[in-house]
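Numbering (the UniProt record's numbering), first residue to last: 1 to 1020.
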């Protein structure tokens, strides 16, 4: 028979990085002085063992990328064409800017036809009317528009360049994304200052600040703002030091990777003779090289051999920055404590009377504290007020400690002049010194807490080994893990940690996967089994050889760390409320401090005026002023917006870290928030409630004499093997394994078919005009007769010689069986005990689904089979509260009579490609760790642990996190209310002295930190 050759389908053509236009140099934060450097004995890998292939895919890949897509290297002509288009677009935009005014649309929005574009907020417009042109084609990229429609504008055009908000502008080619390391952010309330500073720059687009990692990610246009200017502006506006971590074009050049190379002599990039490689940044002799993913990193390194190039591992900058911040605050706190101690001794200890000497020493030491330790607080507070027009905690601390210091200095001068301000002759040097010391101590503890909360990322990084053993054709070689390439063969000895993801090609061993899945039992690995980066070969096992499927920067550890950073840096909805409260607290406290000063001064002066003796009256007046200053200082310092701002992110960061440690990966922190409100849980069946390891129980073949290549059972089996060979669906895989076993090695595989996967239905191919289908009985038979196989999973193969009339003839039927997961019954019972409603939606036939539901105790009216991917999504939409008339297929009509129509938060658990739509539609989509790439990308949570343990952890962690957030809010609110009342003196003798008001930050933040940390130590 004749077979049509298989091809890769829709390829992804990546642009080349070989352009000679080097991006402007920027500093590289690498800690290279302490990092080891590497060179290679042999510049290239064994081509026979390690051909250059596109990289493998991980379970976290983007769902928009088809699994069959193969990244291809662009040719030089492609690069030139792309460069021409980018240059043309840039020139067109420059011309448009000269003709049009960039301004803000506050009163209207535009939605144009079927092209799907919606312009709202900002755009390029003339002063009278908008001109758009539409040229539509059915594709998913931008289109030009051409139609006119006038608009009445009731707003002015004064704002001519609001680059940061123009969506059309940001979609133009040439955007760059830079990641900045921001040092000095003390709490989440600092992030709005950084955002405001960045958004004030021209052409800045998306801006995201992660306080815990000390990072800011920004998109911008390099023609309008320079990264060096960006860092200077942020530092000038906020006082925070900035360093550039990574910078590069957005979506340009195709999939690329980077490595750092140390040169021992200068080089000119023009002398670099290797396509797909460019120098992204350089600092002295340390360069950052960007190269196409299809290139072997060892070949890339070898290209720099003429200049003495050696490989330098990249350090984890966010971990280093957090440690630097802790060390900086530790240094300042220690210095302040050492200088403060003598001041406290002079003020409180029963020493011989030498006020002039004690006062002079106290003045000198307190001045050092003000100038050296408190300087960052003064700078930050003044910049917040003068540059960003905001009042923050730094300004309150600066006002209070500065007032105490200034008053103490004046009081000391008056006392030495023989005219003491108060009758006791006391000063406030100890107040000023102790305030700064206690504030710095509180910030040190908060920084240490943030450092500890991000330890999970550091732990993941520590699980990535530095070196790997590469198997070459004649020998082995130890190389840095960063130089490992896809399809390399690596050797693992007992006790070794797996360098990156791959599959066993030789040997058998037990592997400890507890660091990834949380499951303590070792897992047996044989040839073909998957190995995950960071897992450990048991010491009592034998040696393994593995073939690399994912490079180290794309393996499970790297993606887990990436997901954790993204989740920990994300914001819960309630965080906006917390930030607004924290933002209002500082101005309110400033007003209260002013009122306290005026009130107590008024009360004291009124009392002094009733004193008859003139000298006593003057002394009482001075005493009233001193007391009022003390009350005002206490009010300004004792409040703490940081406690309010930390309530949510501290809990979220710890919760995500705890989940990761237990094998639950939260890809979005919103999933943690939504899981608490879930009332309906919907399961897919195959591979979720069942093991997904189907086996063929019975097979039937119906030879077709009219088609010679289908006239025998073996001919049909050969076609079935070719049809199912590339499918990863559990049913297709089981059928393929069955027929491959029957045919055996003596029967060579047939040529590949050009197979099309039809989601929710099956597989289809065309051979010499004959359509071959394999999949669900209803679809594959196409009206043909199918044997009633009862409560079994069925895979039907059929052919149609006349596809136009959709007349299909069944040529093979397979009945398959699956086993329910051992932990599935306990999982369902646990969910029911929580008061949750459990459903099953499956593409399998109704009777198979009903049998599974009965075995698990799920009501039959909450189990449905033969659902397409669209039907699954529609059912979930209906459960979420959508109007039944908006739900297609037959789902809504079924539910009209079986359930009340009310709003639910729906969780969906699945593992197959068919589940992607349902995962996206659900409020919380969960995919099992063994699921396909698309499903895991569409999911909000990935379970690497068992189903029962993982789901329990999700619900328990969501409940515990929600409880701790509200506990923290309650504490922060009660603390600030009580502390301000005590500080302002309305309770008389029960008050907070100004010198101890600096404890406020420590007392308010420490419980918030401890409550959040309890997530990791308390059995919730």
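Heads up, the beta-carbon is just placed ideally off N, CA and C, and yes, glycines get one too.
Because the structure is a prediction, the values reported are computed rather than measured.
Residue 179 by DSSP, collapsed to three states: which one? The residue you call residue 179 lines up with position 179 of the chain shown. In the structure shown, residue 179 sits in a strand (DSSP, three-state: E or B).
Alpha carbon to alpha carbon, what distance is there between residue 458 and residue 520? Taking the chain shown and counting its residues from 1, one reaches residue 520 at position 520. Taking the chain shown and counting its residues from 1, one reaches residue 458 at position 458. The alpha-carbon of residue 520 is positioned some 22 Å away from that of residue 458.
Identify the continuous alpha helix (DSSP H) that holds residue 1001 and give its terminal residues. Along the chain shown, read from residue 1 onward, the residue named residue 1001 stands at position 1001. Start and end: 999-1017.
When you compare only the Cα positions, how much space is there between residue 922 and residue 873? In the chain shown, residue 922 corresponds to position 922, counting from 1. In the chain shown, residue 873 corresponds to position 873, counting from 1. When rounded, the distance between both Cα atoms is 8 Å.
Leaving aside the five residues before and after residue 834 along the sequence, list all residues of the same chain whose C-beta is less than 7 Å from its C-beta, in chain order. Here residue 834 is taken as the residue at index 834 of the chain shown, counted from 1. Cβ within range, chain order: 955.
Can you say whether residue 479 is buried or exposed, counting buried as having 16 or more other CB atoms within 10 angstroms of its CB? By one-based count along the chain shown, residue 479 stands at place 479. Buried, by the Cβ-count rule.
Taking C-beta to C-beta, are residue 684 and residue 861 nearer than 8 Å? Taking the chain shown and counting its residues from 1, the one referred to as residue 684 is at position 684. Taking the chain shown and counting its residues from 1, the one referred to as residue 861 is at position 861. Going by C-beta atoms, residue 684 is not nearer than 8 Å to residue 861.
Reference residue 579; option with closest CA among 1004, 190, 975, 343: Start at 1 with the first residue of the chain shown, and residue 579 comes out as number 579. Taking only the C-alpha atoms, the option nearest residue 579 is 190.
Could you check if residue 526 is buried or exposed, using at least 16 other CB atoms within 10 Å of its CB as the buried criterion? One-based indexing of the chain shown puts residue 526 at position 526. Exposed, because fewer than 16 other Cβ atoms sit within 10 Å of the Cβ of residue 526.
Quick one: what does DSSP say residue 1038 is sitting in, helix, strand or coil? Nothing can be reported for residue 1038: it is not among the residues displayed for the chain, which extend from 1 to 1020.
For residue 1009, count neighbouring C-beta atoms within 10 Å of its own C-beta (all shown protein chains included) and say buried if the count is 16 or more, exposed if not. Here residue 1009 refers to the residue found at position 1009 of the chain shown. Residue 1009 sits buried, since 16 or more C-beta atoms from the chains shown fall within 10 Å of its C-beta.
Have a look at residue 958 and residue 948 and give me their C-alpha separation to the nearest angstrom. The sequence position of residue 958 within the chain shown is 958, counting from 1. The sequence position of residue 948 within the chain shown is 948, counting from 1. For residue 958 and residue 948, the distance between alpha carbons rounds to 16 Å.
Going straight from the alpha carbon of residue 677 to that of residue 826, what length do you get? Sequence index remark: in the chain shown, residue 677 carries index 677 (1-based). Sequence index remark: in the chain shown, residue 826 carries index 826 (1-based). Each residue's Cα considered, the two are about 22 Å apart.
Would residue 763 and residue 724 qualify as a contact pair, given that the criterion is a beta-carbon distance under 8 Å? Start at 1 with the first residue of the chain shown, and residue 763 comes out as number 763. Start at 1 with the first residue of the chain shown, and residue 724 comes out as number 724. Contact flag set, yes.
So the candidates are 497, 952, 467, 393; which of them puts its Cα closest to the Cα of residue 485? Numbered from its first residue, the chain shown carries residue 485 at position 485. Ranking 497, 952, 467, 393 by Cα distance to residue 485 puts 467 first.
Taking the continuous beta strand (DSSP E) assigned at residue 210, which residues delimit it? To locate residue 210, count along the chain shown from 1; it is residue 210. Here the beta strand (DSSP E) through residue 210 covers 207-210.
Close Cβ partners of residue 674 (< 7 Å) along its chain, the five nearest in sequence each way excluded: Taking the chain shown and counting its residues from 1, the one referred to as residue 674 is at position 674. Excluding sequence neighbours, residue 674 sits near 905, 923, 924.
Cβ of residue 472 within 8 Å of Cβ of residue 301? In the chain shown, counting from the first residue as 1, residue 472 sits at position 472. In the chain shown, counting from the first residue as 1, residue 301 sits at position 301. Cβ distance not < 8 Å, so residue 472 and residue 301 don't count as in contact.
Do residue 447 and residue 326 have their CB atoms nearer than 8 Å? Locating residue 447 in the chain shown gives position 447, where the first residue counts as 1. Locating residue 326 in the chain shown gives position 326, where the first residue counts as 1. Between residue 447 and residue 326, the C-beta spacing is below 8 Å.
Spatial distance of residue 962 from residue 672 (CA atoms): Taking the chain shown and counting its residues from 1, one reaches residue 962 at position 962. Taking the chain shown and counting its residues from 1, one reaches residue 672 at position 672. Each residue's alpha carbon lies about 9 Å from the other.
For residue 407, which three-state DSSP category applies? Numbered from 1 along the chain shown, position 407 holds the residue referred to as residue 407. Residue 407: helix per DSSP, three-state reduction.
Which partner residues does residue 525 have in the DSSP bridge list? Residue mapping note: residue 525 aligns to position 525 of the chain shown, counting from 1. DSSP, once it has assigned bridges, lists 509 as partnering residue 525.
Measure the C-alpha to C-alpha separation of residue 239 and residue 667 and round it to an integer number of angstroms. Taking the first residue of the chain shown as position 1, residue 239 is located at position 239. Taking the first residue of the chain shown as position 1, residue 667 is located at position 667. For residue 239 and residue 667, the distance between alpha carbons rounds to 32 Å.
Could you tell me which whole beta strand (DSSP E) segments of length 3 or greater appear in the stretch 625-698? Whole beta strand (DSSP E) segments, 3+ residues: 664-666, 680-683.
Continuous beta strand (DSSP E) stretch holding residue 489: start and end: What you label residue 489 is simply residue 489 of the chain shown in a count that begins at 1. From DSSP, the beta strand (DSSP E) with residue 489 extends over 489-492.
Kindly indicate the opening and closing residues of the beta strand (DSSP E) around residue 815. As a first step, residue 815 is located in the chain shown; it is residue number 815 there, counting from the start. Run containing residue 815: 807-817, per the beta strand (DSSP E) assignment.
Give a yes or no on contact between the stretch 429-446 and the stretch 492-507, applying the rule of three or more CB pairs nearer than 8 Å. no
My assumption, with CB atoms under 8 Å, is that residue 742 sits in contact with residue 811. Please give the rounded CB distance. Translated into the one-based positions of the chain shown, residue 742 becomes position 742. Translated into the one-based positions of the chain shown, residue 811 becomes position 811. At roughly 15 Å, the Cβ-Cβ gap does not stay under 8 Å, so residue 742 and residue 811 are not in contact.
Would you mind working out which of 586, 544, 920, 856 sits nearest residue 877, comparing C-alpha positions? To locate residue 877, count along the chain shown from 1; it is residue 877. Here the closest residue by C-alpha is 920.
Does residue 564 come out as helix, strand or coil in the three-state DSSP assignment? For this step, residue 564 is matched to residue 564 along the chain shown. Helix, per DSSP.
Counting C-beta neighbours from all protein chains within 10 Å, is the total for residue 244 16 or more, i.e. buried, or is it exposed? Numbered from its first residue, the chain shown carries residue 244 at position 244. Residue 244 should be labelled buried.
Rounded to a whole number of angstroms, what is the C-alpha to C-alpha distance between residue 953 and residue 664? As a working note, residue 953 is residue 953 in the chain shown. As a working note, residue 664 is residue 664 in the chain shown. Computed Cα separation, rounded: 8 Å.
So what's residue 908 in DSSP terms, helix, strand or just coil? Residue 908 sits at position 908 when you count from the first residue of the chain shown. Strand.
Residue 1023 versus residue 216: straight-line alpha-carbon distance, rounded: There is simply no residue 1023 to check, as the chain begins at 1 and stops at 1020 in what is shown.
Nearest-angstrom Cα separation, counted from residue 206 out to residue 406: On the chain shown, residue 406 is found 406 positions in, with the first residue counted as 1. On the chain shown, residue 206 is found 206 positions in, with the first residue counted as 1. Their backbone Cα atoms lie some 44 Å apart in a straight line.
In the DSSP output, what is residue 288 paired with across the bridge? By one-based count along the chain shown, residue 288 stands at place 288. DSSP output for residue 288 lists 260, 281 as bridge partner(s).
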